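To start, the structure itself, in structure tokens.
In my numbering, the protein residues as written are 66 to 191.
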């Protein structure tokens, strides 16, 4: 429901502004519980706009009201959380994998001009 009703319209609207993106669902029966993440890299201006749309989303508000969604959180935009996309990958992985894994998740497509995102400083939203 979150992917189809909330995230899909954002992807349609911001497809050209997103450097890369992915969704991740964690479904472990432990204290952290189930977590749905929309992880993306974009300009700060696009991230602000996406955050505003999520904060005003009626479905998210209703799911929170009904306690079907316990929390919606956002990475702060005051700082760049990762100097490169590779910073978000497991440090134990080879650097070539860390630099390119985000684009593999995104189907190999990149909206970054030039040879890749290794030098891009995008803002992440989760």
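For each residue, glycine too, the CB sits at the ideal point set by N, CA and C. All values reported here derive from a predicted model rather than from experimental measurement.
Under the three-state reduction of DSSP output, residue 71 falls in the helix class.
Taken through DSSP and simplified to helix, strand or coil, residue 156 comes out as coil. Taking the Cα positions, residue 124 is about 31 Å away from residue 166.
In the DSSP assignment, residue 128 falls within the alpha helix (DSSP H) that extends over 123-130. Cβ-Cβ separation between residue 79 and residue 104: approximately 14 Å, too far for a contact (criterion under 8 Å). If you check the CB distance, residue 119 and residue 75 come in under 9 Å. Secondary structure at residue 166: helix, using DSSP grouped into helix, strand and coil.
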